[in-house]
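Right, one structure below, let's go through it.
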Amino acid sequence: MRIIAKSQRTAIAIFSLSVVCYTQVASATFTLPLRSKKGMVVSAHPLASEAGLAMLRKGGNAVDAAVATTFAISVVEPFSAGIGGGGFLLMYSQKTGEIKALDFRERAPLKATRNMYLDAQGKVRPNASLNGYLAVATPGTVAGMYEVHRRYGKLPWQEVLKPAIALAKDGFIIANVPTWRSLQEYQARQQVVLNNPAARDIFTRNGEFYGPGERLVQRDLARTLQTIAENPQSFYTGKIAQAIAADMAKNGGLITLADLQAYKPIWRTPVCGNFRVYKVCSMPPPSSGGIHLLQILNIIGDTDLKSWGWHDPRALHLMVEAMKIAYADRSQYLGDPDFVKVPVQQLLSTAYAKKRRQEINMDVAKPATEVKPGIIPNSQFPLPNLRNESTQTSHLNVVDEQRNAVSLTFTVNLGFGAGVVTPGTGIVLNNEMDDFAAAPGVPNAFGLIGNEANAIAPRKTPLSSMTPTIITESNRLRMAVGTPGGSTIITQVLQIILNVLEYNMDVGAAVSAPRIHHQWLPDELRVERWGLDALTLQGLQNRGHKIKQTNPWGNANAIAVTADDNLEGATDPRGEGSPRGF
């Protein structure tokens with residue numbers, strides 16, 4: 000996508016328009032949900048949602064639609080996610096009631112070392128894990144999509160890739176009204192893209208990104224997708240793999256043919272818990288999302304938030320204090336379960352939640368320095384270990400006519416990933432290595448700190464906050480939800496779930512409502528500007544919360560099943576996504 004304007008003045012004007020649009024949404028109206036009966040797709044881009052819906056119309060199932068949407072997003076939202084990245088998928092079968100989780104997250108190359116980003120003095124080299132070839136982890140998106148499709152898809156593999164191939168070959172028109180989300184990423188990552196000749200040739204002209212209303216054509220990516228349609232293993236063993244490995248070797252990257260050939264997605268057991276009458280299932284480690292979403296819900300417990308109201312300072316205070324506890328625990332215990340022991344059952348136990356709830360003073364905010372990770376027996380990790388991935392990620396949900404569902408989050412990490420495109424392929428490669436702890440106690444690009452549990456190791460998966468979530472009620476689908484947003488993903492999904500299940504909002508209102516976020520460190524309560532009213536803010540400040548008002552964040556979407564078995568879907572007004580149904 001090419002949405003950086005051709006002059007700074009134009010960029011400022013567009014950004015101002017974007018802010019005005021969001022201000023109107025936040026202060027006046029919520030996004031109206033789309034309702035349908037037979038099937039629905041919601042994603043971060045209308046063209047991607049159309050690609051998924053086309054599969055449902057052809058008789059495909061939720062998996063077919065999710066795979067088509069994922070590949071389409073890889074074309075139309077290259078700054079956020081793509082086939083050069085990875086992610087997590089949750090799927091629900093209405094027939095069996097079973098929920099499965101697929102980990103297709105990127106992994107550290109075989110040549111990766113614990114101290115690969117440190118200089119001779121043991122200090123982290125600036126931007127080494129962010130920009131360029133050394134920042135790239137082995138991609139998993141293609142392997143993940145092929146794995147879930149070959150097991151559960153209904154339509155032919157080549158059929159589900161057709162929309163993405165067409166979008167890359169013929170191009171697509173960039174949105175006339177870009178969002179704050181896309182603008183800030185294009186502005187922040189412009190120089191990184193310009194530094195890579197292949198990326199520069201695709202996404203810029205005369206050193207500038209193309210503007211709204213123009214057509215982006217990605218012919219190299221179209222050929223790559225066509226090759227993947229004919230043989231998905233080509234990404235890992237064929238000409239595509241050879242091109243990636245050769246370019247890595249030429250430019251000091253670590254990924255080799257051996258890394259690509261060895262990559263396999265992993266089926267994992269989702270983490271599930273009960274909240275009120277609902278069963279909430281989400282992604283297990285190496286994502287921290289599911290554990291800490293459930294942990295916060297457990298701490299809230301049977302508190303009657305509804306009687307207070309969603310904007311009541313008491314309800315928000317309780318959520319914030321629970322967030323601090325969860326993120327403190329995240330700092331201590333979370334990592335790749337194939338490399339470290341994560342105390343999942345202890346963190347999810349209701350007894351542990353009740354113990355931590357007793358530490359919360361409903362009248363006074365506890366300083367972050369006084370919020371400690373809980374003492375879990377046999378814990379092996381010293382403090383601290385809190386990391387944060389990029390806000391530039393993409394999420395999609397699909398529900399088909401049989402009420403099978405997919406909730407999928409994937410990413411290339413920072414905008415345009417590492418700023419690297421493999422020549423001749425059109426593939427934007429991730430910078431997911433930054434999600435590891437480069438050194439104990441050193442914050443990454445987003446301020447979160449890391450240590451032993453998330454240290455770099457060959458073939459290890461970096462810690463994530465991605466939280467694709469599926470909720471059932473009485474063994475029937477109730478909701479599928481997720482969002483991008485780095486460390487804020489967990490708290491966004493939490494608030495959307497509470498908005499629907501506790502406060503009885505429709506999904507349009509639920510994804511539009513103002514958001515808050517606290518991640519333990521830094522000790523600040525982030526609040527969306529134009530969000531909460533003055534009395535609510537004062538009530539939080541009176542309790543000792545250090546409020547930081549910021550621009551809006553996230554790009555959530557959700558599908559809910561209503562009491563009369565209709566589907567209700569909505570995308571975030573903070574982004575440019577769109578629901579599609581029939």
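Quick note on numbering: numbering that gives the first Met the number 0 labels position 528 of the sequence shown as 527, and the sequence is numbered without any gaps. Ideal placement from N, C-alpha and C gives every residue a C-beta, glycine not left out.
Asked: Whole angstroms is fine: what's the gap from Thr460's alpha carbon to Ile254's?; Found: 14 Å
Asked: Leaving out five residues before and five after Asp532 in sequence, what residues of the same chain have Cβ atoms less than 8 Å from its Cβ?; Found: His310
Asked: Is it the case that the Cβ atoms of Leu154 and Met54 are separated by a distance below 8 Å?; Found: yes
Asked: Enumerate, from N- to C-terminal direction, the unbroken beta strand (DSSP E) stretches of 3 or more residues contained entirely within the stretch 437-503.; Found: 468-472 and 475-481
Asked: So who's on the other strand from Thr630, going by DSSP bridges?; Found: Because the chain is modelled from 0 through 581, residue 630 falls outside the range shown and cannot be assessed.
Asked: Check whether the Cβ atoms of Leu566 and Lys36 sit closer than 8 Å, and answer yes or no.; Found: yes
Asked: Quick check: Val405 and Met90, are their CB atoms within less than 8 Å of each other?; Found: yes
Asked: Here's the rule: buried if 16 or more other CB atoms are within 10 angstroms of the residue's CB, otherwise exposed. What is Asn498?; Found: buried
Asked: Indicate whether Ala43 and Ser486 have their beta-carbon atoms separated by less than 8 Å.; Found: no
Asked: Taking just the CA atoms, how far does Ile164 sit from Tyr277?; Found: 40 Å
Asked: Buried or exposed: which applies to Lys122, given that a residue is buried once 16 or more other Cβ atoms fall within 10 Å of its Cβ?; Found: exposed
Asked: Taking the straight line between their C-alpha atoms, what separation do you get for Leu654 and Glu158?; Found: The structure shown does not extend to residue 654, since the chain spans only 0 to 581, so no value can be given for it.
Asked: Under three-state DSSP, which class holds Pro45?; Found: helix
Asked: Taking 8 Å as the threshold (C-beta atoms), are Asp102 and Ile265 in contact?; Found: yes
Asked: Please classify Leu534: is it buried, with 16 or more other beta-carbons within 10 angstroms of its beta-carbon, or exposed?; Found: exposed
Asked: With a threshold of 8 Å, are at least 3 pairs of Cβ atoms found where one atom belongs to the stretch 361-369 and the other to the stretch 558-577?; Found: no
Asked: Give the straight-line distance between the Cα atoms of Ile239 and Asn230, rounded to the nearest whole angstrom.; Found: 11 Å
Asked: Under a three-way DSSP split, which group does Ile324 fall into?; Found: helix
Asked: Only counting the same chain, and skipping five residues up and downstream in sequence, which positions put a Cβ closer than 6 Å to that of Leu52?; Found: Val40 and Arg579
Asked: Should Asn195 be labelled buried (16 or more other beta-carbon atoms within 10 Å of its own) or exposed?; Found: buried
Asked: For Glu472 and Gly288, what's the separation of their Cα atoms in angstroms?; Found: 21 Å
Asked: In the DSSP assignment, the beta strand (DSSP E) including Thr223 goes from what residue to what residue?; Found: Segment Arg218 to Glu229 is the alpha helix (DSSP H) holding Thr223; no beta strand (DSSP E) there.
Asked: For the putative contact between Trp552 and Ala367, defined by C-beta atoms under 8 Å, what is the C-beta separation to the nearest angstrom?; Found: Between Ala367 and Trp552 the Cβ distance is about 20 Å, and since that is not below 8 Å, they are no contact.
Asked: Who are the near neighbours of Asp246 in its chain, counting only those whose CB is closer than 7 Å to its CB and skipping five residues on each side?; Found: Thr421 and Pro422
Asked: Helix, strand or coil for Arg275, going by three-state DSSP, please let me know.; Found: coil
Asked: From Leu46 to Gly538, what distance separates their C-alpha atoms?; Found: 43 Å
Asked: Which residues in the same chain have their Cβ closer than 6 Å to the Cβ of Ala50, if we skip the five residues on either side of it in sequence?; Found: Ala67, Thr68, Ala71 and Pro162
Asked: Output needed for Gly425: all residues of its chain with C-beta closer than 6 Å, excluding positions within five of it in sequence on either side, in chain order.; Found: Gln217, Asp219, Leu220 and Thr223
Asked: Beta carbon of Thr137, beta carbon of Asp335: below 8 Å?; Found: no
Asked: I need the DSSP call for Gly568, collapsed to helix, strand or coil.; Found: strand
Asked: The beta strand (DSSP E) spanning Glu527 covers which residue range?; Found: Leu524 to Glu527
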